[in-house]
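Heads up, the thing below is written out as structure tokens.
Chains as they are written, first to last, in the numbering used here: chain A, 1 to 273; chain B, 1001 to 1273; chain C, 2001 to 2273.
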């Protein structure tokens, strides 16, 4: 079935087994589902790697396009902040460097993906799962979805090429409200700003979206891939440069007092609840 | 009168005789009308040449700006697919090369046009007549107009610089729905996405639009031309590069099996009706 | 108080005395108010210099961000056309050169501003006070505000980088209507086009806006500044080039007959009232 049930860890035919995601291929569509619903699909280090790997495979397989979605009620709650708590013996600098390298490689996979890439946003989205939407070709969202990038609350700065894609997509003012001033958008607001391509009622979301995508899967494969590549070819170099700049800046941010204090305060507040 | 009657082939004063278009100049406006209403103004090889020629002349004449519109109920149904059926003795490669050269030269005329360029979209628009709208300065449309670019249905890929102008104008998602997934827009949808500047009720369309344009024709000519050129100067080089890329890709597409099969199937379906 | 009373010329603590603007700093916000309400805050040569100076200082002070607003009922009526009537003994060319240099330096200050820059548009805005809004990070407007750039009526051409920022923000058609064809926008129209970030009812405008900004002032300073810089770093060079092109073009325009006649006619019409 199109919308996988929770924690279904059966491997898909023709795809290697993944631990943190589910990958399947049907109707000429490769489907990648974040599969950590008990943590709102927060992205662990392992997941960054597996998603990147799955995208690389999907780019080469027989599918016409690929879809990213989430198992459960959430699309993705962003970077798992526990990623910052396992400081290696080499120290914080090592952790910051490794994290920046991992993030840069992860985002590169989206920039370079050679076929249409579709996000099926099945619930609330936060952080990196929002910013990378600017690199997707289609973004379909349930009306229950929200979009939130609270970077400055955590003393951080934008990633996923959002410092480039968001202002171009929605204008400087609206991008600033999201990326600097932590404004959370409803699905309809996100659609008006171009971050979401179409919003569907939650009750019929899965049915309507997958019916449409199934139909899209019947179109000429090469025509779609080449058309996407035409659209992107002149942006790729710029996007990679932006990705590098953003990761460099985050490296500095992660070692800054502003960021450290904000993350400590996040965990303290959570502990109080 | 401003809206020419069908098939009026009387030459306009001060303009050379054209076979497939009507060109006239009044109120400091050069008006170019596609004049093949019995075929919904589908563009033949001859029309590509004549439109290009008319634009070149309009760029040099005394007018303040130029207008493109269609005779009859349609704006333009796009490239006449019969252009693909007259395969020259030299073979398909020759036809693909010639077609790509013709298209590139045609689109270049729009990129380089030195004065404001206005589209008066008097009815449905398809294919190349939609994609070049991204190169116009103003696009006024009747509410009866629709906008459709079914490239992948025909195994083809975008032209008219739309792979560049559409994502910038309407965002990646909406551009992808049009350019890859064959979505047809109403006039109001096209206006919300920036493809159309303003929509008018069909009953008053011709009257309202030409009254407004007549007024615009009284403004300082150089101020308008120089202002347009300021807006465009930094994009021209990029647009020409995109135009070349798109025509190269179409050359490959026209010789592909995907495209051949799609066009044959188009004619077979039409024959059945 | 946040909304200064008219003509309050008391110098702010920690800021040098200005003649034509009011500068104050509270709640980690540097506030710059145009203070020539009796002339609708039309910008004199002195004001260009003082605003530029104040921005330079605000970029270096302890504030988290800076705000530009106007004293009285108007935001700003644009360039004071009397700036063109004091022709120096060296002649018109000297005046045109000096004006272009002054304008270029003024606009550069907005391009280079290193922190978030917020416009609080307290009433109608005209000319240069509209075009520079494309260089702000947030633009909050009262519903009483209007936005008008009647360049071609005055035989002139766009400045403030609007020939670059407006088409990207609102699309070519809407930018052309404003920058070439003198279309005046309401606050809500400007918001739909991305020129304004949010519109507030005039009755609660000052209260709502300053409450929100006070809250924004509590966010981590470096995170905000670095995030803005990430967004802008790849555009700066281009914006400076556009600024130079626009000022070059205006120098030519100011010496043209079209422009001279249009300005003479402006003063004659005003004298008749």
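C-beta: ideal position from N, C-alpha, C; glycine also. As the structure is a computational prediction, the values presented were derived from the model and not from experiment.
- If you draw a straight line from the Cα of residue 2246 of chain C to the Cα of residue 2056 of chain C, it is about 22 Å long.
- Listed as beta-bridge partners of residue 119 of chain A by DSSP are A/68 and A/139.
- Not a single CB atom of chain A sits nearer than 8 Å to the CB of residue 1150 of chain B.
- The C-beta of residue 1175 of chain B comes closer than 8 Å to at least one C-beta of chain A.
- Not a single CB atom of chain A sits nearer than 8 Å to the CB of residue 1200 of chain B.
- Around the beta carbon of residue 1149 of chain B, a 10 Å sphere encloses 16 or more other beta carbons of the protein chains shown; the residue is thus reported as buried.
- Identification of chain C residues near residue 155 of chain A by a Cβ-Cβ cut-off of 7 Å yields 2220 and 2223, ordered along the chain.
- Here residue 1026 of chain B is bridged, per DSSP, to B/1029.
- Around the beta-carbon of residue 271 of chain A, fewer than 16 other beta-carbon atoms lie within 10 Å, marking it exposed.
- Closest in C-alpha terms to residue 111 of chain A, from the list A/132, A/186 and A/254, comes A/132.
- A distance below 8 Å separates the beta carbons of residue 251 of chain A and residue 96 of chain A.
- Less than 8 Å divides the Cβ of residue 41 of chain A from the Cβ of residue 77 of chain A.
- Contact between the segment 2142-2159 of chain C and the segment 2171-2185 of chain C is present: three or more C-beta pairs spanning the two stretches fall below 8 Å.
- Contiguous alpha helix (DSSP H) elements confined to the segment 2125-2204 of chain C occur at 2128-2131, 2162-2170, 2172-2179 and 2187-2192, taking only those with 4 or more residues.
- Between residue 2093 of chain C and residue 2255 of chain C, the gap from beta carbon to beta carbon is short of 8 Å.
- Within the segment 2223-2256 of chain C, the residues whose Cβ lies closer than 8 Å to any Cβ of chain A are, in chain order, 2223, 2224, 2226, 2227, 2228, 2230, 2231, 2233 and 2234.
- The alpha-carbon separation between residue 145 of chain A and residue 1188 of chain B amounts to approximately 26 Å.
- Counting along the chain, the unbroken alpha helix (DSSP H) around residue 2246 of chain C starts and ends at 2236-2254.
- Around the Cβ of residue 1257 of chain B, a 10 Å sphere holds fewer than 16 other Cβ atoms; the residue is exposed.
- For residue 2160 of chain C, the closest of C/2061, C/2239 and C/2209 by C-alpha to C-alpha distance is C/2239.
- Taking C-beta atoms under 8 Å as the contact rule, residue 177 of chain A and residue 2197 of chain C qualify, at a distance of about 7 Å.
- Boundaries of the alpha helix (DSSP H) around residue 1223 of chain B: 1221-1232.
- The beta carbons of residue 109 of chain A and residue 224 of chain A sit no closer together than 8 Å.
- For residue 1046 of chain B, the enclosing alpha helix (DSSP H) covers residues 1045-1060.
- Here DSSP, grouped into helix, strand and coil, assigns residue 87 of chain A to coil.
- DSSP lists C/2043 as the beta-bridge partner residues of residue 2079 of chain C.
- Listed by position along chain C, the residues whose Cβ is nearer than 8 Å to that of residue 1137 of chain B are 2172, 2173, 2176 and 2180.
- Closer than 8 Å at the C-beta level to chain C, one finds these residues of the segment 1181-1194 of chain B: 1194.
- Linking residue 129 of chain A to residue 53 of chain A through their CA atoms gives a straight-line distance of about 17 Å.
- Residue nearest to residue 1143 of chain B within the set B/1043, B/1209, B/1050 and B/1237 is B/1209 (criterion: CA-CA distance).
- When the five nearest sequence neighbours on each side are left out, the beta carbons in the same chain lying within less than 8 Å of the beta carbon of residue 2088 of chain C are those of 2094, 2095 and 2098, in order along the chain.
- The beta carbon of residue 170 of chain A lies closer than 7 Å to those of 193, 194 and 195 in the same chain, with the five residues before and after it left out.
- When DSSP reads this structure, residue 34 of chain A sits in a beta bridge with A/21 and A/70.
- Excluding residues up to 5 positions away in sequence, 1121, 1187, 1196 and 1199 lie with their Cβ nearer than 6 Å to the Cβ of residue 1141 of chain B in the same chain.
- In the three-state scheme derived from DSSP, where H, G and I count as helix and E and B as strand, residue 1099 of chain B is classed as helix.
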